Structures are given as C-alpha cells and as structure tokens.
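The numbering used here numbers the first residue of the sequence shown as 748 and each following residue consecutively. Ideal Cβ placement from N, Cα and C applies to all residues, glycine included. All of these numbers come straight from a predicted model, not from anything done at the bench. The next block holds one structure in the form of structure tokens; read it before the comments.
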Amino acid sequence: MKKSPRRTFIRDTAIAATGFFIVPRHTLGRGFVAPSDKLNIAGIGVGGKAEVNLPFAWNNGSDNIAALCDVDDRMAVKARARWPKAPYYKDYRVLLEKEQKNIDAVIITTPDHMHAVQALAAMQLGKHVYLEKPLTHDIYEARTLTKAAEKYRVVTQMGNQGSSGDDTRLVETWIQSGVIGEVKKVHVWTNRPTWPQGVPVPKGSFNVPAELDWDLWLGTAPQRDYNPAFLPAIWRGWSDYGTGSLGDMGCHFIDVPYRALKLGYPVSVECNVGSVYTGFFQEAIYYESYPPSSITYIQFPARGEMPPVEMIWYDGGMKPPRPAELQPEEQMGELDGGIIFEGSTGKLMAGLFGRKPTLLPLSKMASATLPKSAFEFVENGSDGHQQQWVKACKKGYGAYTSSSFDKSG
C-alpha cells in the first residue's frame, strides 16, 4: 500500500471506520486462537511503555511478537533488536493490511490522539486489542471503542495495570465490607504534570529528524510544523495530542475508588484551574496546553444502598487537606500521589494502584481485624496484566480481563 498524503489521512480513516472487513487467521471462529497456539502479536508504537508491554505479553517466547510498527526509528531500536525477525513498518495501516493473516492481536502504545483510529482499525479485522492508557483522546472515542469491542467480539484490555493489582482488590474488599462505614467523599491526587503545561505553543523552525515520519506522527491531529517540544512523552500536555494530568493519571488513581465504590457516570463535574501570569496582573490562557494545575469536583449519584459520593481530584501540586489523624512525621499518600476515602466511621489512605492501604490513624492498623480480599487475584498482580489479556485472547471473546473496554470505556 502506498503511503497516503496527509490530506487524505483523516478521510480514509473515517471511511474505514464505517466499513467491515476481515480475513480470519483461524477457521474455528472469529477471534479464536487455539489454547495450544502462540498468540501472534503486533506492536503499534514500540518505544516507551511498549518496552514493558511487549516483553510481558511475549513472556520469554511463550507467545510471538509477529510485527512491529513505529513512526520513529529511534523509538524502535530496542524492539527491533529483541525481535529481529518481526517485520517492521512505520505506518500502522500498512502493517494491518500486510500482516492481517499473520497476527491475532495488537498492543497499541502510541500518543493518545491516535488510540481510537488504530484500535478501531485492528478490531475491524477481528484482532484483539491491548490499548495503553488513557483509552482515548475524548469521551466520544471511548464510547465508540466500547461498542466496537462488542460488535467485533474481540478481547480488550486498557493498560492501567493497577486494575490487576492485589492492593486494588484489597481496597475494594475493605470499602465494600464497611470497614470505614459509608463513604461520601474521596480525595485523589497526583504529582503530575511532570511535563510542561500552561505554556504557549513553542515557536521556531526545526528540521524533522531523518528517523521520524512527522506526518504519520501527527496522524489525525491538525497540521503543525515539527517542534521537538512535542515529543517524546511531552505531547501529554498538549490538547491536540494528550489528555493532561487527569487523563494521563486518572486511569491509575481513580480506578481504585471507581471499583471500590461501584461508581458509574457522574452527574456533574466542576473544575478550577491554576493561572499563568506573564506580567503584573496579566493572566494568560493557552487553550492548546492543559492548565498547570487543577482541582476537579466530580459528583456521583447513589448506587443501590451506597450513598452519593463527591470525588475531588487534585494535580499540579494541589493536594487535599492533611487529615488530622496523621502525625506530623507521617507521610500523606506517596510521593507520586494518593487516595483518601472518608467514611462515616473512619478513613482509608492508599497510594497509586491502591498501594499500601492503611486505616487512619495509622495506629488502628495494629488492632484492626480486616477482611481478606473477596476478589480473585490476578496471577502476578499488576505485572500479570498483559498476560491476563494474552490468556483471555486464547479463550476468546467473553473471557474476563481486569480493564476490558466495557469497564475502561
């Protein structure tokens, strides 16, 4: 397939999204992989977090990395060296066209703005999808992928590995067992952004590195000249490509109370953001960059016998009030953030992925009788997140994964 010029990229993607086409690899049924077979996996975006996702899925050769794709050759160096026999592509559309008979599943680890079109293209071919967090660039895309996973009957998993962690299940058990009574408020905070936000679009003229296909990197995003201020990783702070601190880390932190409190869709969201001043009383607003800090109030309705809940999200250095139950020398949460559940009979504090859950004051932990997890643990916990998906792919559509799109979307 010839490389499409940029002016037809969005058009072609939209047309493909409306159709259906598949050449199944196996004749035993759509999306079926015999349990004795190795799962043949293609990596779309093979640098950064993919350097964890792909090896964990490959599992020392128990399964097969069958094809690789990255728009930047520099990001693909390690993967190409590790799996030298895997065909390498720069354009995911070319990979899917040429390798569709040779792959069963894809692991997508690309900037947020490309998640939806890449995942949808793979699902339309009947390929199972592991999609790095956040699931998509906006809510509409998330709902589209959720419906597509059901329509094309494929196994899915979002890459918020903490959803497979032991601590997440332990917090879920404690909260639902009433250890701290009824929970009506929960605080969640992160140390992100650790990349620029609340800044103007950078200026300057730069040559595109020879290893990078900038046109393919932009994909469905608006046309813009190359600037090293956008990549790698720092695209997270730009609204055309990333989802800011809340989108990037909420998938990890909020997942714990989402499960423990059986939350669904909120009924209202209100956000206060930090200001940027470029001079005395000269406030600047940069719409193309997410704000430097925010506090977001999210209201959830009652769920069965559970009361309404207010969740408050903090980022950019913002934190909740320090609980009176904490001693001066005791740390609130962890260095990268934390979670505090406020119950009618006590408080529970935990870190990222629900790590180190503890009652407040900490002295209560010594005498408290706490229930063991009521939920089945995932083998190897958060490190088993990718393998859980691989095993589910071999079982076929309907097999359980911790963060399938019906939950993460």
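What does DSSP give as the partner residues of Met-1053 in its beta bridges?
-> DSSP, once it has assigned bridges, lists Arg-1050 as partnering Met-1053.
So, are the CB atoms of Leu-1107 and Met-1096 less than 8 Å apart?
-> yes
Enumerated in chain order, which unbroken segments of the alpha helix (DSSP H) with a length of 4 residues or greater are wholly contained in the region 821–847?
-> 824–829, 839–846
Could you give the DSSP three-state label for Val-864: helix, strand or coil?
-> helix
Same chain, Cβ closer than 7 Å to Gly-1064, neighbours up to 5 away in sequence not counted | For Gly-1064, where only same-chain residues beyond five positions count, the Cβ hits under 7 Å are Ser-1040.
In angstroms, rounded to a whole number, what distance separates the CA positions of Lys-749 and Gln-1046?
-> Only weak support is given to the placement of Lys-749: the predicted model assigns it a pLDDT of 46, under 50, and the question is left unresolved by the model.
Sort out for me which residues DSSP pairs Met-1096 with in a bridge.
-> Ile-1087, Thr-1105
Mind checking Leu-1109: buried by the 16 CB within 10 Å criterion, or exposed?
-> exposed
Three-state secondary structure assigned by DSSP to Glu-919 | Glu-919: helix per DSSP, three-state reduction.
If you compare alpha carbons, which of His-875, Trp-805, Ile-927, Tyr-836 is closest to Ala-1146?
-> His-875
Determine the DSSP secondary structure at Thr-1043, reduced to helix, strand or coil.
-> strand
Quick one: Cα of Asp-851 to Cα of Gln-908, how far?
-> 22 Å
In angstroms, rounded to a whole number, what distance separates the CA positions of Val-1020 and Pro-1038?
-> So the two alpha carbons sit approximately 6 Å from each other.
From the DSSP output, read off the bridge partner residues of Lys-1141.
-> For Lys-1141, which the question treats as bridged, DSSP gives no partner whatsoever.
Count the other CB atoms, across all protein chains shown, that sit within 10 Å of the CB of Tyr-877; report buried if there are 16 or more and exposed otherwise.
-> buried
Run through DSSP, which three-state label would Gly-1156 get?
-> coil
Residue nearest to Ile-886 in terms of C-alpha spacing, selected from Thr-990, Ile-1086, Glu-1072 = Thr-990
Between Asn-807, Ser-809, Gln-847, Lys-785, which lies nearest to Leu-815 when the distance is taken from Cα to Cα?
-> Gln-847
If you count every other CB in all the chains shown that lies within 10 Å of the CB of Gly-879, and 16 or more means buried, which is it?
-> Reading off the sequence shown, one finds Glu at residue 879, where the question assumed Gly. By the neighbour-count rule (16 or more Cβ atoms within 10 Å), Glu-879 is buried.
Helix, strand or coil for Trp-942, going by three-state DSSP, please let me know.
-> coil
Between the beta-carbon of Lys-1142 and the beta-carbon of Leu-786, is there less than 8 Å?
-> no
Roughly how many angstroms separate the alpha carbons of Met-1079 and Asp-1062, rounded to a whole number?
-> 15 Å
Would you be able to state if there are at least three C-beta pairs under 8 Å between the region 960–970 and the region 804–820?
-> yes
Span separating the alpha-carbon of Val-918 from that of Ser-992 | 23 Å
Evaluate contact between the region 1085–1102 and the region 911–926, counting only Cβ atoms and requiring at least three cross-stretch pairs below 8 Å.
-> yes
CA-to-CA distance, Met-1053 to Leu-978, given in whole angstroms | 44 Å
If we count Cβ pairs, one from each stretch, closer than 8 Å, do we get three or more for the region 1120–1137 versus the region 890–910?
-> yes
Roughly how many angstroms separate the alpha carbons of Ile-812 and Leu-842, rounded to a whole number?
-> 13 Å
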